[in-house]
Amino acid sequence: MKKLAYYKGCLASLSAKELDTSTRALAPKVGYELIELDSVTCCGAGDIHEAEPDYYLHLNARILSYAEATGCDTLMTVCNVCTLNLRQANYQLQIDGDLRQRINDNLEQVGVPPYSGGVEVKHFLWLIAGESFDKLQEVAHKGLKGLKVAPFYGCQILRPSKLMGFEDPDKPSSLERIIEACGGEAVDYPAKIKCCGFPIIQAREETALAELIQPIEQAMEAGADAMVTPCPLCHLSLDAWQSKLKKQTGRDFAMPILHLSQLVGVAAGLTDSELKFRRHVVSVDPVIEKLSV
Amino acid sequence: MQVGLKIWRYDSKTGDRALREYEIDAPEEATLLDCLDIVKDKHDGSLAFRKSCRMMICGSCGMRMDGGAVLACKVRMYDIAQEGRVPVIAAMGNLPIVKDLVVDMDPFWEKMRAVDPYLKPRYDQAQERENVIPAPQMSVIHKESLCINCGCCVSECNSMEVDPDFLGPAALAKGMRFVGDPRDGATIERLEKYSEPHGLWDCTRCYFCSERCPKGVDPRDAIAKLGAEAMKNGIDRDMGAKHARWFVTSAKTTGWLRETELVPKTQGIVSSIREMKFAMGLAVKGKVPPPFPPHVAAEVHESRALFDLVKSQDRNGAAGIVQGEKALGRIESHHDASRGRDPYTEADSAPRPYLPSEREETEGVTP
Numbered sequence: 001m002k003k004l005a006y007y008k009g010c011l012a013s014l015s016a017k018e019l020d021t022s023t024r025a026l027a028p029k030v031g032y033e034l035i036e037l038d039s040v041t042c043c044g045a046g047d048i049h050e051a052e053p054d055y056y057l058h059l060n061a062r063i064l065s066y067a068e069a070t071g072c073d074t075l076m077t078v079c080n081v082c083t084l085n086l087r088q089a090n091y092q093l094q095i096d097g098d099l100r101q102r103i104n105d106n107l108e109q110v111g112v113p114p115y116s117g118g119v120e121v122k123h124f125l126w127l128i129a130g131e132s133f134d135k136l137q138e139v140a141h142k143g144l145k146g147l148k149v150a151p152f153y154g155c156q157i158l159r160p161s162k163l164m165g166f167e168d169p170d171k172p173s174s175l176e177r178i179i180e181a182c183g184g185e186a187v188d189y190p191a192k193i194k195c196c197g198f199p200i201i202q203a204r205e206e207t208a209l210a211e212l213i214q215p216i217e218q219a220m221e222a223g224a225d226a227m228v229t230p231c232p233l234c235h236l237s238l239d240a241w242q243s244k245l246k247k248q249t250g251r252d253f254a255m256p257i258l259h260l261s262q263l264v265g266v267a268a269g270l271t272d273s274e275l276k277f278r279r280h281v282v283s284v285d286p287v288i289e290k291l292s293v
Numbered sequence: 001m002q003v004g005l006k007i008w009r010y011d012s013k014t015g016d017r018a019l020r021e022y023e024i025d026a027p028e029e030a031t032l033l034d035c036l037d038i039v040k041d042k043h044d045g046s047l048a049f050r051k052s053c054r055m056m057i058c059g060s061c062g063m064r065m066d067g068g069a070v071l072a073c074k075v076r077m078y079d080i081a082q083e084g085r086v087p088v089i090a091a092m093g094n095l096p097i098v099k100d101l102v103v104d105m106d107p108f109w110e111k112m113r114a115v116d117p118y119l120k121p122r123y124d125q126a127q128e129r130e131n132v133i134p135a136p137q138m139s140v141i142h143k144e145s146l147c148i149n150c151g152c153c154v155s156e157c158n159s160m161e162v163d164p165d166f167l168g169p170a171a172l173a174k175g176m177r178f179v180g181d182p183r184d185g186a187t188i189e190r191l192e193k194y195s196e197p198h199g200l201w202d203c204t205r206c207y208f209c210s211e212r213c214p215k216g217v218d219p220r221d222a223i224a225k226l227g228a229e230a231m232k233n234g235i236d237r238d239m240g241a242k243h244a245r246w247f248v249t250s251a252k253t254t255g256w257l258r259e260t261e262l263v264p265k266t267q268g269i270v271s272s273i274r275e276m277k278f279a280m281g282l283a284v285k286g287k288v289p290p291p292f293p294p295h296v297a298a299e300v301h302e303s304r305a306l307f308d309l310v311k312s313q314d315r316n317g318a319a320g321i322v323q324g325e326k327a328l329g330r331i332e333s334h335h336d337a338s339r340g341r342d343p344y345t346e347a348d349s350a351p352r353p354y355l356p357s358e359r360e361e362t363e364g365v366t367p
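Those protein sequence lines, which keep their order, are chains A and B. Per my numbering, residue 1 is the first one in the first sequence, and the count goes up by one each step. Per my numbering, residue 1 is the first one in the second sequence, and the count goes up by one each step.
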């Protein structure tokens, strides 16, 4: 069992608890012991980076510092936005000694241990599509039985590719490989790498919904039974805001949206209490029915 | 070498559209633009595309290759030809096509004009001495100054695709180029203007602009800097600014985002009441966590103290965003010092170019 520092972020702590429970249940099956960081805060989600940039850097340095204090070399994330914010700060702190010194001086003043730059931030997707892919193939024995799944990557796990770099940002394949390893069939559609609209869904709902409808519509046309995403923000917009698309267009897509850990979790035989599908706004029952036949 | 290209041909007068395939013989060092020249010279004189400098300076040859915007003169074809790939070449997105690979740039220039893309000096008369700006101050707008107006960022902007009125990444990056210029005197006026609807708060943060820019301008970073400058100057009436502000409040009070209060804090009470039915639908699924008791992070006093400390150090606004070579939009020179000589180490070589945000000893006032 490899030990990983686990940063669950805001959504998995609150409105997307199902992401947290399924991640915790799945991680040991693919070879990881998660050490949760309890005295950490929000990464700022790009918003603090914009409102108070220097504070953003300090908050993320603090998270990285507590991750380093666990003795782990990897900080695991389960959210695209956390991944970008933490990797961006980590990159800057790792390559710039003067910057790290300035931030560390401040961290120490408020009682936080200094960060030496010894942690890599990796999304759960990258771990299961990468180093533990063999394990995944072993545990995903309760297969998806040919379920047609549309992968939705979202933005901030692909771009900026200089900070991400796990796979080709224009032709990613990690989710497809996982879907197939779980016995599902990955369906392809152009909007899988585009924006779900979530960052502006409150401030500019009209624009966000016009973005959101594209992947759902295309996945539907490609014959998908469900969509899967590695990001709880994409999940929230795809799942919860579907009702607004229905109101706006009159079309009821009824497209079930699964977190990555739930999709693999289904194939790996996680229990209902770990998957918590009842917390979804769009019913996942059609998927369950299809798999139980 | 043999190069295969599939080119989307289009005629706006007739509406005819067709994907044509070309097989050409090109020298190994050929760029995509060189290959298009060969197609036009030797195979099909009716092919239309824009070009001028052929060296990534003029910004004329923006187009799409396999769905992603590129400068045709920057893309070398050797590796692609070796792999046997036949890329699909098309006109840029988000701009009307005139013919084949030529787009109508008028909407692009219209938005550029809308941000007043020129210096509005803070002084009335020409000064007696040259107005020297310390290099670190200029580093805030170093990347933005590199824009060549090619439109590659605009081509794939996800917000502009659904809202054609969005100012977009190129114009907003140009706006930041002047907001961050210490010689400019119209900072507040600009920030007010760029904060209007279809302005900086309409960016959906898809990062396609920064990914596509062939010059390392990193427009998303420019938009973040505009947001930071707007909020520093108290221009925060937009819902986008209020949304951002609430994350800061959350981080320093409870540590974690106070999700449930985010809607009223962003949209105001009246709008939130209109959203009640939608919110109830989410609440029954546990998607609206009760605000009381708040979910408080352990040791949250540290993040509170950090906030006060950071604020006292006065690195506010765009100055708080790490810039220069250390930022995201680093220009890829494709120069690997381990392969071949370093051109700046010899006795008679030119001085090493200034790179913003490098060590302090290289900074300071330019004489």
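Backbone N, C-alpha and C fix where the C-beta goes; we use that ideal spot for every residue, glycine too.
| Check | Outcome |
| --- | --- |
| Around the Cβ of residue 165 of chain A, are there at least 16 other Cβ atoms within 10 angstroms (buried) or fewer (exposed)? | exposed |
| Given that residue 58 of chain A touches chain B, what residues does it touch there, using C-beta distances under 9 angstroms? | 303, 306, 307, 309, 310 |
| Cβ of residue 28 of chain B within 7 angstroms of any heavy atom in the ligand MG? | Annotation note on the ligand MG: not contained in the displayed structure, which lists no ligands. |
| Roughly how many angstroms lie between the CA atoms of residue 307 of chain B and residue 248 of chain B, to the nearest whole one? | 9 angstroms |
| Using a Cβ-Cβ distance under 8 angstroms, would residue 87 of chain A count as near chain B? | no |
| For residue 289 of chain A and residue 156 of chain B, what's the separation of their Cα atoms in angstroms? | 39 angstroms |
| Taking the C-alpha atoms as reference points, what is the distance between residue 346 of chain B and residue 98 of chain A? | 28 angstroms |
| Taking Cβ-Cβ distances shorter than 9 angstroms, what residues in chain B pair up with residue 46 of chain A? | 205, 224, 244, 247 |
| Which term fits residue 131 of chain B, buried or exposed, when burial requires 16 or more other beta carbons within 10 angstroms of its beta carbon? | exposed |
| What residues are listed by DSSP as bridge partners for residue 151 of chain A? | A:228 |
| As a quick exercise: from A:144, A:190, A:129, A:188, pick the residue whose alpha carbon is nearest that of residue 167 of chain A. | A:129 |
| To the nearest angstrom, report how far apart residue 287 of chain A and residue 49 of chain B are at their CA atoms. | 49 angstroms |
| Taking residue 26 of chain A as the reference, give the member of A:48, A:274, A:7, A:285 with the closest Cα. | A:274 |
| Please confirm if residue 333 of chain B has its CB atom under 8 angstroms from at least one CB of chain A. | Caution applies to residue 333 of chain B, whose pLDDT of 43 falls short of 50 and renders its modelled position unreliable; the model cannot decide the point. |
| Between residue 251 of chain B and chain A, is there a C-beta pair that is closer than 8 angstroms? | yes |
| Residue 18 of chain B by DSSP, collapsed to three states: which one? | strand |
| Quick check on residue 337 of chain B: buried or exposed, where buried means 16 or more other Cβ atoms within 10 Å of its Cβ? | Low local confidence applies: a pLDDT of 46 at residue 337 of chain B is under 50, so the model's placement there is unreliable, with the coordinate-based value given in what follows. Exposed, because fewer than 16 other Cβ atoms sit within 10 Å of the Cβ of residue 337 of chain B. |
| With which residues is residue 6 of chain B paired in a DSSP beta bridge? | B:21, B:88 |
| Determine, using beta-carbon pairs with one atom in the stretch 142 to 162 of chain A and one in the stretch 185 to 202 of chain B, whether at least three such pairs fall under 8 angstroms. | no |
| Under 8 angstroms, Cβ to Cβ, is there at least one residue of chain A near residue 180 of chain B? | no |
| Using a Cβ cut-off of 8 angstroms, pull out every chain B residue sitting near residue 252 of chain A, in sequence order please. | Correct list: empty, because the minimum Cβ distance to chain B is about 14 angstroms. |
| When we look at the beta-carbon of residue 177 of chain A and count the other beta-carbons within 10 Å, is it buried (16 or more) or exposed? | buried |
| Distance check for residue 257 of chain A and residue 282 of chain A, CA to CA, integer angstroms please. | 7 angstroms |
| Per DSSP, which residues does residue 33 of chain A bridge with? Please list them. | A:3 |
| Can you name the residues of chain A whose CB is closer than 9 angstroms to the CB of residue 396 of chain B? | Outside the shown range of chain B, which is 1 to 367, sits residue 396 of chain B, and nothing can be said about it. |
| Here's the rule I'm using: 16 or more other beta-carbon atoms within 10 Å means buried, otherwise exposed. How should residue 13 of chain B be labelled? | exposed |
| Which one of B:11, B:82, B:7 has the shortest CA to CA distance from residue 28 of chain B? | B:82 |
| What is the rounded straight-line gap between the Cα of residue 61 of chain B and the Cα of residue 9 of chain B? | 16 angstroms |
| Just the chain A side, please: which residues come within less than 7 angstroms of residue 208 of chain B by C-beta, in chain order? | 159 |
| Whole angstroms is fine: what's the gap from residue 45 of chain B's alpha carbon to residue 37 of chain B's? | 9 angstroms |
| Please decide whether residue 338 of chain B counts as near chain A, where near means a Cβ-Cβ distance under 8 angstroms. | Because residue 338 of chain B sits at a pLDDT of 49, beneath the cut-off of 50, its placement in the model cannot be relied upon, and the following sentence gives the value as read from the coordinates. Closer than 8 angstroms: no. |
| Taking only the alpha-carbon atoms, compute the straight-line gap between residue 110 of chain B and residue 259 of chain A and give it to the nearest angstrom. | 42 angstroms |
| Work out the CA separation of residue 245 of chain A and residue 280 of chain A for me, nearest whole Å. | 16 angstroms |
| Quick one: what's residue 296 of chain B bridged to in DSSP? | B:255 |
| Classify residue 19 of chain B as buried or exposed, calling it buried when 16 or more other Cβ atoms lie within 10 Å of its own Cβ. | exposed |
| Alpha carbon to alpha carbon, what distance is there between residue 33 of chain B and residue 76 of chain B? | 9 angstroms |
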